[in-house]
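Numbering (our numbering), first residue to last: 5 to 241.
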């Protein structure tokens, strides 16, 4: 499945620059696309300081109201939206749609999606969550599709049918499920402290938060019943 890394104009935990660097290097090995939405290109400036290896994104897209002169240049800049701050779509939507339509990507991995802690950008975070769903909305329902929002200590998966979570370190591995639709039912789960088999994940309840890996487990699996609506699976460590 062809993939794209989408770098939003959001929060990056610069204490963990090696995390972002390794994600990009792995993407390059897999020939995944690197797309920056407007000011998301600044993470490349941070990564390119004091290093002999220069990382360059493939595409820069958006109205460019957060891009300043002198920063890292992308290989290609989409000219269509420059200066159009009153457009109907966000820069993040433009980036996801560009990956889907121009390159046929069906695995979307988003970075910079968390709110900046000093300015309480909860609205931005909730909107960025919707970007994973937006990509699914833009492709055919019978087309394979994966979406994730990755950060140094957390990954949020947009799960259509099943997901396998790998242990990230020796510490506690928390797993939470959040539904947006009523028809989300788990068929089976493995290696979780509280078994979720047959559980209805109700969109108005918080009955599937703060589960965790069983002690010593290197992975956990969740599978939805056939025909279930997608669910957000949050894995943090």
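Using N, Cα and C, we set each Cβ at its ideal position, and we do this for glycine too.
None of the values given here were measured: they were computed from a predicted structure.
Inter-residue Cα distance where the pair is residue i and residue j
i, j, result
"residue 36", "residue 109", "9 angstroms"
"residue 230", "residue 173", "32 angstroms"
"residue 80", "residue 67", "14 angstroms"
"residue 86", "residue 183", "36 angstroms"
"residue 59", "residue 23", "14 angstroms"
"residue 224", "residue 146", "26 angstroms"
"residue 18", "residue 52", "13 angstroms"
"residue 69", "residue 43", "8 angstroms"
"residue 103", "residue 13", "17 angstroms"
"residue 5", "residue 166", "16 angstroms"
DSSP bridge partner residues for residue i (one or two, in chain order)
i, result
"residue 180", "238"
"residue 153", "114, 160"
"residue 192", "227"
"residue 206", "Answer is none; residue 206 lacks a bridge partner."
"residue 40", "11, 64"
"residue 216", "178"
"residue 80", "63"
Host beta strand (DSSP E) of residue i (start-end)
i, result
"residue 63", "63–65"
"residue 26", "Taken as a continuous stretch (DSSP letters only), residue 26 belongs to no beta strand (DSSP E), being part of the alpha helix (DSSP H) at 21–33."
"residue 159", "158–163"
Residue from the options whose Cα sits closest to the Cα of residue i
i, options, result
"residue 89", "106, 240, 71", "71"
"residue 117", "78, 146, 158", "158"
"residue 131", "107, 94, 145", "94"
"residue 162", "216, 226, 65, 127", "226"
"residue 7", "191, 18, 28", "28"
"residue 191", "198, 197, 202", "202"
Residue i and residue j closer than 8 angstroms at C-beta
i, j, result
"residue 75", "residue 61", "no"
"residue 171", "residue 221", "yes"
"residue 133", "residue 41", "no"
"residue 115", "residue 154", "yes"
"residue 4", "residue 124", "This structure cannot settle anything about residue 4, because the visible part of the chain is limited to 5 through 241."
"residue 120", "residue 15", "yes"
"residue 10", "residue 160", "no"
"residue 151", "residue 188", "no"
Residue i - containing alpha helix (DSSP H), residue span
i, result
"residue 167", "Unbroken run through residue 167 is the beta strand (DSSP E), 166–170; no alpha helix (DSSP H)."
"residue 47", "46–52"
"residue 105", "95–107"
"residue 127", "126–142"
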